[in-house]
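Number of protein chains: 2
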Amino acid sequence: MRNSIITREQLLKARETLSKLVHKTPVFSSEVIDKKVGANLYFKCENFQKTGSFKFRGASYAVNQLGSDQKKNGVTTHSSGNHGQALAKAAQLANIKAYIVMPENAPTVKKQAVRGYGAEVIICESTQAAREKTCSGIQEKTGATFIPPYDDENVVLGQSTAAQELIDQTEGLDYLLAPVGGGGLLSGTLMAAKYFSPNTKVIGSEPKGADDAYRSIKTGKRLPQENPQTIADGLRTSLGEINFEIIRENIDQILTVEEDTIIKALKMIHHHLKIMAEPSCAVPLAAILENKRHFEGKNVGIIISGGNVDLDVYYESLK
Amino acid sequence: MRNSIITREQLLKARETLSKLVHKTPVFSSEVIDKKVGANLYFKCENFQKTGSFKFRGASYAVNQLGSDQKKNGVTTHSSGNHGQALAKAAQLANIKAYIVMPENAPTVKKQAVRGYGAEVIICESTQAAREKTCSGIQEKTGATFIPPYDDENVVLGQSTAAQELIDQTEGLDYLLAPVGGGGLLSGTLMAAKYFSPNTKVIGSEPKGADDAYRSIKTGKRLPQENPQTIADGLRTSLGEINFEIIRENIDQILTVEEDTIIKALKMIHHHLKIMAEPSCAVPLAAILENKRHFEGKNVGIIISGGNVDLDVYYESLK
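Heads up: the protein sequence lines correspond to chains A and B, in order. Just remember that the numbering used here sits 4 ahead of the position in the first sequence, which is counted from 1. Just remember that the numbering used here sits 4 ahead of the position in the second sequence, which is counted from 1.
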């Protein structure tokens, strides 16, 4: 079992290392939301993390763990979203080069953000094949190390630090909820709970229209996500290999939710927490709304994964 | 001079009283914004205050200062916005009745919010005359005490606690910036700086399309705001009497800004602070953007006044 590789000591080392590099983000709560759902919710606000999402934790730790020979040649990844910005900033802070492959249809504002962190942006066609091929080409040409968005032990260790902090910032959590896309955040959260809060049950949450993790865990076989249909754009990816192993071994439950409930949850976050949160962030709250009895009177930690929201998308989804 | 009535002891008493009633809101900053403007900005996030704005401070303190005879008959005000919600919640926490007069064209969501805090909502025509008449009628009928939104010493004392906290949460502020509508927040901020940070210059900021405070201070005569033209809907009101006196006596400067700059500043807050902020909140940052040289390298505190934003308005203003 792969997950047995990850030890308590590795988690503590990641936490210690990242304590100097990442923001310790605040935990918010809302009396109004608590009253509406009948539980005590603690929102870990990774939308306030550097580069606007938890992805900065994993990218920073992966960069930190490179040898000096590797650092010399820089890092690369392909991403249209948060991981690209996170890796660009992590590389900038480590004083190394970053090559970020982005699809031609990525929003201009995201390309500008990546360039703003000092990275070189390489544009390619918007297919997965073109992204991978372009990225391989860069690795060959420059010797840069590929930093994956989730399917990587150091990335998982980095992501675990959000839940590690949340466990310290709260008391007696009955549940910890994270959304599942590639599974980096959820597998990190599982490892944090396993070692530092063993009585806390960890629940993954996923849109019904992108439920590959749910189906994979149910069948015991990693199934790819094909043709995802959800506004939670961060959760359209398929589960990673190492992530699948960790989740399969440790998860209590994966709850899938309707799109309407995601939108309802997103509105609640907007109106009552007054923060900018991506649609993906609303999926755990949606799971609570659809299963109120299950969470009644419980203390529940929720990881708000990021706040890099396109205003047009945000508005369209909320009206 | 009216403002000489307000003493250091009164400010301390308001702070002490409200410490048990209001949230001590966090102070945010953004490396990206600091780099763009060339100054160190500290944003006091009153959007995270109870009921979503600083208005809860003034309303709570005014309610707290009522005698027990007055409390028996409850409180009333007319408001389509933040003061109505703030007073409703303050009354609810004090276990007294609140009658909130709201114009018929107020958004349903705002009426629901006020009712959600347990207040009775009385609908009237949307003219200022109808609002005042309806509110007077309620006072006569019920004996409820009218709690004004800004033109009141206790309200000003309550609002001063935002800046009092910000002064404690930061070090060596060169400037404190607040938006000016009725002037409650700005006059409270002036009093806080006068007694607790005398080296900090206080600057009011106002849209050019609603610049009654600027004109009033310039002419030394309180001029009403007629036909205001600005997206900063919280700043369309005219300066109050007591507020005018305090501002005239103590202000360093009022800066007026263009609508385009307000929108630019609002986008910066959205993209880099990841918080929901009302258009009014962006006015102080807009003043800095239009006067970069003036603030270069300085430590500047900014009060983010509230986050009760109508999504349609927000989107329209940002696109």
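By construction, the Cβ of each residue, glycine as well, lies at the ideal position given by its N, Cα and C atoms.
Lys205 of chain B sits away from Ala43 of chain B, with the two beta carbons spaced by 7 Å or more. Taken atom to atom, the span from the alpha-carbon of Ser72 of chain A to that of Asp156 of chain A is near 19 Å. Scanning the region 179-252 of chain A from its first residue to its last, the whole beta strand (DSSP E) runs of 3-plus residues come out as 179-183, 205-211. Excluding sequence positions up to five before and after Ala269 of chain B, its CB lies within less than 7 Å of the CB of Ala286, Leu289, Ala290, Leu293, all in the same chain and listed in chain order. Inclusion of Ala196 of chain B and Ala167 of chain B in the CB contact set at 7 Å is warranted, their separation being smaller than that value. Of all residues in the region 258-283 of chain A, only His274, Lys278, Ile279, Met280 come within less than 7 Å of chain B when Cβ atoms are compared, listed by chain position. Put simply, the CB of Phe52 of chain A is near chain B, with a gap under 7 Å to one of its CB atoms. Of the other Cβ atoms in all chains shown, 16 or more fall within 10 Å of the Cβ of Gln89 of chain B; this residue is therefore buried.
Gly310 of chain A has A:Ser57 as its beta-bridge partners, per DSSP.
Looking at the DSSP output, Lys48 of chain B shares a beta bridge with B:Val31, B:Ile307.
For Val105 of chain B, the uninterrupted beta strand (DSSP E) segment begins and ends at 102-107. Any Cβ of chain B closer than 7 Å to the Cβ of Gly311 of chain A would place that residue at the interface, and such an atom is present. Legend: CB atoms of the region 29-57 of chain B lying less than 7 Å from CB atoms of chain A belong to residues Pro30, Asn51, Phe52, Gly56.
Its chain contains Ala167, Thr193, Ala197, Thr204, Val206, Gly305 as the residues whose beta carbon lies nearer than 7 Å to that of Leu180 of chain A, once the 5 sequence neighbours on both sides are disregarded; these appear in chain order. Taking all protein chains shown into account, Val261 of chain A has 16 or more neighbouring C-beta atoms within 10 Å of its C-beta and is therefore buried. Selection B:His274, B:Lys115, B:Tyr46, B:Lys17 evaluated against Asp178 of chain B yields B:Tyr46 as nearest (Cα-Cα). Per DSSP, the continuous alpha helix (DSSP H) segment holding Val113 of chain A begins and ends at 112-120.
Glu20 of chain A: not part of any beta strand (DSSP E); member of the alpha helix (DSSP H) spanning 12-22, first to last residue. Approximately 6 Å separates the beta-carbon atoms of Pro228 of chain B and Asp216 of chain B; this is inside 8 Å, confirming the contact.
Only residues of its own chain outside the window of five on either side were considered, and among them Leu227 have a CB closer than 7 Å to the CB of Arg219 of chain B, listed in chain order. The region 116-156 of chain B contains, as complete beta strand (DSSP E) runs of 3+ residues, the segments 124-128 (chain order). When the Cα atoms are used, Gly162 of chain A and Val118 of chain A turn out to be separated by approximately 20 Å.
With contacts defined by Cβ atoms closer than 7 Å, His82 of chain A and Cys139 of chain A form a contacting pair. Within its own chain, the residues whose Cβ lies closer than 7 Å to the Cβ of Phe150 of chain A, once the five positions on either side in sequence are excluded, are Thr80, Thr81, Cys139, Gln143, listed in chain order. Residue pairing by DSSP puts Ile279 of chain A in a beta bridge opposite B:Ile279. Ala63 of chain B is not a Cβ neighbour of Leu97 of chain B, given a cutoff of 7 Å. In this structure, the CA atom of Ser209 of chain B is about 25 Å from the CA atom of Tyr65 of chain B. With a contact defined as Cβ atoms closer than 8 Å, Ser309 of chain A and Glu35 of chain A miss out at about 23 Å.
If you draw a straight line from the Cα of Lys93 of chain A to the Cα of Ile126 of chain B, it is about 53 Å long. Under DSSP, the beta-bridge partners assigned to Val261 of chain A are A:Pro211. Contact between Gly78 of chain A and Ile104 of chain A does not hold, since their C-beta atoms are separated by about 11 Å, which reaches or exceeds 8 Å. In the structure shown, the three-state DSSP call for Thr81 of chain B is strand.
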